[in-house]
Amino acid sequence: MEDNVKKIMHVMRRAPHGSIYTYEGLEMILIMAAYEQDLSIAFIGDGVYALKKNQDTEGISMKGFAKTFMALDGYDVEKLYVDRVSLEERGLTEDDLLVDVELLDSVEIGRRMTEQDVVIHH
Amino acid sequence: MEDNVKKIMHVMRRAPHGSIYTYEGLEMILIMAAYEQDLSIAFIGDGVYALKKNQDTEGISMKGFAKTFMALDGYDVEKLYVDRVSLEERGLTEDDLLVDVELLDSVEIGRRMTEQDVVIHH
Amino acid sequence: MLHTINTSPFESPAMEECIRFVQQGDPVLFIENGVYAVQNGNRFTDAIAALQKTSPVYALQPDLDARGISIVAPGVKGIGYDGFVDLVEAHQVNSWL
Amino acid sequence: MLHTINTSPFESPAMEECIRFVQQGDPVLFIENGVYAVQNGNRFTDAIAALQKTSPVYALQPDLDARGISIVAPGVKGIGYDGFVDLVEAHQVNSWL
Amino acid sequence: MSHRFLATILNSDKVKIGILLKEGPYNHQAADTAYKFAEAAIKKGHTVDAVFLYNDGVINATNLTDPPQDDRNIADRWSKMAKEHGVEILACIAASKRRGITDDIMIDGGSITGLGTLTDIAIRNDRLLTFGD
Amino acid sequence: MSHRFLATILNSDKVKIGILLKEGPYNHQAADTAYKFAEAAIKKGHTVDAVFLYNDGVINATNLTDPPQDDRNIADRWSKMAKEHGVEILACIAASKRRGITDDIMIDGGSITGLGTLTDIAIRNDRLLTFGD
C-alpha cells in the first residue's frame, strides 16, 4: 500500500527572470523531492522557456537557475513533460532545451493531470 | 507661460478588483488633480471594465470604487478617453459605462499620448 | 478534476491553455477576473459554448456581481463560495493561475 | 515618445496594444520578458517586421542574454542599459506595463 | 483507528483542505478569494488544515499592515481564523527572507516554516488548493 | 539664475529623471531593471532625482529582507544609491500601510511620503519612467 505517496504535478507556466515564480517553483520541487512523492513537472506556455539553453543572467545581475533543471535527475525527478504546441509556437525544438524531456500532446498531458492528487501552477 | 503645468496621462489597462492597480491608480489621480496639472485618463484593454455600470463588490468584501470615477468631474478631471476597439471587443457600448467619456480610435488616443510630458500605466 | 481560471481571457492565455488540457466531463469554474470570459456577447462566447459541450461551466456569482456582469453566456451557472466548496468536495483541483 | 514593453507577447496583450497606439517614427524598446517578442522565428516575427516599417525596434541585450535568445528578428537592435538611457535622453517615455 | 472510523461515519462527505496562497494582500484578489473560500468550507463542516504562504503570499503574515478604516483587514482575518478554527497560517522561510517577513512582525497565530511543511500539508490533506495571480 | 545657466552649459544634453517603481523586490524583475537603468543614467552624468515606490513597490523599502548570500541585495542597493548619489527613495504612505511598511523598518536613506511628492517629482523632472509588471 502506498498510502502516503501522492501524485503531485508542478506546472511551469511563466517565463524565467521576469518574475520569480519559476525559480521559487523549482525550490519547492527540490524540497518535495526529498519526501519521495510521485513528482512530475509539466512545462506549458511560456513555462517552456525555463528550459532554454544558453541563458546567461550575468548582465541582469540575477542568479541563473536553468542548470538546476539538469540536477533534477539526481533528485529522482525524472518526469518532465513539455507541451508540444507551446514549444512549436515559440519557434523552439527539443534541441533548444537543456534537458531531456517527454514532448507530449496536450491531450496526453491533460490525461496525466487528471490522475494527480495535487497540481500546483507556478 | 505655463512653465509648471505638465501634461500627464494616466492609462487604465487592468480589470478592477482582481488586482489593486486601477484603484491605487485612481487614488494617484485624485491627489494629482489638486496640483492643477493637465490631466487625462485613457481606458484601454481591460481598463474599460473599470467604468462598467452596476458593480456590486459586497459579495467579495471589497470596497467598490466605480463611483469615484463619477466624482472626477468635481476635481476638474474631465478628459476621459475610452478606446473604441477595447470596448467593442468586450461586447460593451457607451450605455454600459458609468460616466460620459470620449470614445476615440486608437490613432487619436495615440496622438494625444505623444503630446504628453508624462504617461503612467496602472 | 475541477479547473479554476482567475484571469481575464483578454489579458492572459490561461483560459485558452486550460481548455486545451481539460478532460471530458471535468468542470470549469471562473473566478476573480476570470469571470469576464462568461459575460454574454463578448468574443469568447463561442468558446464558452464549445467548452460546455464537454464540461459543465460555472462562474463565481460574487465575482460576477463585483464586475457588473448581469448576463452570462447561456448555460453558465453562477454559484457562491459554498457552491465552490461543494465542487472542491467532489473533485481534485487544478488552478490555472 | 519611447515605448517600452516588458511582458511576453504570448502572455500579455501589451505589445499588441502598444502597436495599435504607437505613432510613426516612435521607437519601441523590448525589455524583461518582453524580449521574447523579437526571438527570430516565433509567431510574432511578422508583426515585428511590420512594426519596423514605421518604428525603430530595440531590445535590451542583457535581457536577451538572460533568456538565451541569440538570434533576433532582422533589423532589431540589441542595446545595453546605457543605450536605454540614451533613448530616454532623447524621448519622453511610455511604459506599457 | 476507531477515532478515524468514527470521523468517517460523522463526516463521510467532509474533506480536509490545505491552501497555498501565492500573492500578497490587497495587491491581488487571491488573498480575499482564499479567505472567503476557507470561511465557506469551515461553515460547511470541512476542515481547513493550513494556509501556506508562498511567493509574495508571505506578505499576508505581517502584523504591520494598517489598511483604511472602511476597508477589510486581511491580516486580522487570517489571525482570527487561526485562533477560532485552528487553521495554521504558515509563511515559507525562504520566501519570507526575500520579502522582509520575520518572526518579530508575525501576526498572532502565524508562524514561519519550511517547504517541507507544505509537502506534509499536501500529503495529509484530501485537497490542496492554490490561489494566486 | 546664473547657476541654472551654468548647469545648462555644462549639461546641455543631460536630463533629470524620476522613477516610479510599482512592484516588490525579487518577485518581479521591475526592481532590478529600475536599478540597472538608474545606475547607467547616473554613470552617464544624468540626474536621478527620486525613486517613488508605489503599489507593491513599497516592499523595496523594508530593511528586514535577508536574501541568500549569493544573490543580490536589492534593499541595500537602493540604500547605497540614496547615500552615494543623493537619489531620494520614497515609499507612498497609503500603499505602505496596506503592505505593512513603516518608518520602523525603513531602509537607510528611504522615507515615507504622500502622493503629492510624486506629483512634484513628475513636475520637476524632465522624465518620469515607470517600472512594473
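The listed protein sequences correspond, in order, to chains A, B, C, D, E and F. Quick note on numbering that gives the first Met the number 0: the first sequence kicks off at 0 and runs consecutively. Quick note on numbering that gives the first Met the number 0: the second sequence kicks off at 0 and runs consecutively. Quick note on numbering that gives the first Met the number 0: the third sequence kicks off at 0 and runs consecutively. Quick note on numbering that gives the first Met the number 0: the fourth sequence kicks off at 0 and runs consecutively. Quick note on numbering that gives the first Met the number 0: the fifth sequence kicks off at 0 and runs consecutively. Quick note on numbering that gives the first Met the number 0: the sixth sequence kicks off at 0 and runs consecutively. Just so it is clear, CB atoms sit at the ideal spot from N, CA and C, and this is done for glycine as well. Source: prediction; values computed, not measured.
*asked:* Between E:120, E:88, E:122, which has its C-alpha nearest residue 107 of chain E's C-alpha?
replied: Closest option to residue 107 of chain E, Cα to Cα, is E:88.
_I'd like the list of long-range same chain contacts for residue 0 of chain F, defined as Cβ closer than 6 Å, with 5 residues on each side in sequence excluded._
With a pLDDT of 43 at residue 0 of chain F, under the threshold of 50, the modelled position of that residue is not reliable, and the figure given next carries that caveat. Contacts found: none.
*In three-state DSSP terms, what is residue 14 of chain A?*
Of the three classes helix, strand and coil, the one that applies to residue 14 of chain A here is coil, per DSSP.
*Give the straight-line distance between the Cα atoms of residue 95 of chain E and residue 110 of chain E, rounded to the nearest whole angstrom.*
Approximately 11 Å between the Cα atoms of the pair.
_Same chain only: Cβ atoms within 8 Å of residue 23 of chain D, ignoring 5 sequence neighbours per side_ = Around residue 23 of chain D, the same chain offers 53, 54 as residues with beta carbons nearer than 8 Å, after the five sequence neighbours per side are excluded.
*Residues of chain B with a CB under 7 Å from the CB of residue 93 of chain D: which are they?*
Contact annotation for residue 93 of chain D against chain B: 112, 118 [CB-CB distance below 7 Å, chain order].
*Give the straight-line distance between the Cα atoms of residue 116 of chain A and residue 15 of chain E, rounded to the nearest whole angstrom.*
Each residue's Cα considered, the two are about 13 Å apart.
_Please identify, using Cβ separations under 9 Å, the residues of the segment 84-118 of chain F that lie next to chain B, in order along the chain._
Of all residues in the segment 84-118 of chain F, only 91, 93, 94, 97, 113, 114, 115, 117, 118 come within less than 9 Å of chain B when Cβ atoms are compared, listed by chain position.
*Given that a residue counts as buried once 16 or more other Cβ atoms are within 10 Å of its Cβ, and exposed if not, what is residue 35 of chain E?*
Buried, because 16 or more other Cβ atoms sit within 10 Å of the Cβ of residue 35 of chain E.
*Using three-state DSSP, classify residue 37 of chain D as helix, strand or coil.*
Helix.
_If you reduce the DSSP assignment to three classes, tell me which class residue 121 of chain A lands in._
Correct three-state label for residue 121 of chain A: coil.
*Close-in-space but distant-in-sequence residues of the same chain around residue 61 of chain C (CB under 6 Å, 5 per side omitted)*: The beta carbon of residue 61 of chain C sits closer than 6 Å to no other beta carbon from its chain once the five residues preceding and following it are set aside.
*Between the segment 64-80 of chain C and the segment 63-80 of chain D, are three or more C-beta pairs nearer than 8 Å?*
With a cut-off of 8 Å, the segment 63-80 of chain D and the segment 64-80 of chain C do not count as touching, because too few Cβ pairs lie within range.
*asked:* On the CB-based measure, 16 or more other CB atoms within 10 Å of its CB, does residue 92 of chain A come out buried or exposed?
replied: With fewer than 16 other Cβ atoms inside 10 Å of its own Cβ, residue 92 of chain A counts as exposed.
*Among the residues of its own chain, which have a CB less than 6 Å from the CB of residue 35 of chain D, if the five just before and after it don't count?*
Excluding residues within five positions, the ones whose Cβ falls inside 6 Å are 7.
*Thinking just about the alpha-carbon of each residue, which of A:5, A:11, A:80 is nearest to the one in residue 26 of chain A?*
Nearest C-alpha to residue 26 of chain A: A:11.
*Give the DSSP bridge partners of residue 112 of chain E, in chain order.*
E:91, per the DSSP bridge assignment.
_Chain-order list of residues whose beta-carbon lies under 6 Å from that of residue 0 of chain B (same chain, five-residue window excluded)_ = Note that residue 0 of chain B has pLDDT 41, beneath the 50 cutoff, so the model's placement of it is unreliable and no number is given.
_8 Å is my cut-off, CB to CB: does residue 0 of chain E come that close to chain A?_
Since pLDDT at residue 0 of chain E reaches only 43, below the 50 mark, its modelled position is unreliable, and the value read off the structure follows with that caveat. Not one beta carbon of chain A lies nearer than 8 Å to the beta carbon of residue 0 of chain E.
*Report buried or exposed for residue 68 of chain F, applying the criterion of at least 16 other Cβ atoms within 10 angstroms of its Cβ.*
Exposed, by the Cβ-count rule.
*Could you check where the beta strand (DSSP E) with residue 42 of chain B kicks off and where it finishes?*
DSSP places residue 42 of chain B inside the beta strand (DSSP E), whose first and last residues are 37-42.
*Could you tell me how far apart the beta carbons of residue 126 of chain E and residue 87 of chain C are, in whole angstroms, since I believe they sit closer than 8 Å?*
So it is a contact: roughly 6 Å between Cβ atoms.
_Chain-ordered chain F contacts of residue 31 of chain B [CB-CB under 9 Å]_ = Residues of chain F with a Cβ closer than 9 Å to the Cβ of residue 31 of chain B are, in chain order, 114, 115, 117, 118, 121.
*Do residue 76 of chain B and residue 41 of chain B have their CB atoms nearer than 8 Å?*
The beta carbons of residue 76 of chain B and residue 41 of chain B sit no closer together than 8 Å.
*Cα separation between residue 20 of chain A and residue 119 of chain A?*
Each residue's alpha carbon lies about 11 Å from the other.
*Exposed or buried, what is residue 69 of chain C when buried is set at 16 or more other beta-carbons lying within 10 Å of its beta-carbon?*
The Cβ neighbour count for residue 69 of chain C, taken over all protein chains shown within 10 Å, is under 16; the residue is labelled exposed.
*Is DSSP giving residue 94 of chain D helix, strand or coil here?*
Residue state for residue 94 of chain D is assigned as strand, using DSSP reduced to three classes.
*Could you tell me whether any Cβ in chain F is nearer than 8 Å to the Cβ of residue 59 of chain A?*
Between residue 59 of chain A and chain F, the shortest Cβ-Cβ separation is below 8 Å.
_For residue 45 of chain E, three-class secondary structure by DSSP_ = DSSP places residue 45 of chain E in coil when its eight states are reduced to three.
*asked:* Could you check whether the Cβ of residue 34 of chain F sits closer than 8 Å to any Cβ belonging to chain E?
replied: Taking 8 Å as the CB threshold, residue 34 of chain F stays off the interface with chain E.
*Alpha carbon to alpha carbon, what distance is there between residue 71 of chain A and residue 39 of chain A?*
CA-to-CA, the gap between residue 39 of chain A and residue 71 of chain A works out to about 11 Å.
_Quick test of the definition: if touching needs 3 or more C-beta pairs under 8 Å, does the segment 62-78 of chain E touch the segment 18-28 of chain E?_
With a cut-off of 8 Å, the segment 18-28 of chain E and the segment 62-78 of chain E count as touching, because enough Cβ pairs lie within range.
*In this structure, does DSSP put residue 30 of chain C in helix, strand or coil?*
Note: residue 30 of chain C maps to coil in three-state DSSP.
*When the Cα atoms are used, what is the spatial distance from residue 91 of chain D to residue 39 of chain D?*
Their Cα atoms are separated by approximately 28 Å.
*Give the single residue among B:49, B:58, B:43 whose Cα lies nearest to the Cα of residue 98 of chain B.*
Looking at the Cα atoms, B:49 is the closest of the given residues.
*With a 10 Å radius around its C-beta and 16 neighbouring C-beta atoms as the bar for buried, classify residue 56 of chain E as buried or exposed.*
Residue 56 of chain E is classed as buried because its beta carbon has at least 16 other beta carbons within 10 Å across all chains shown.
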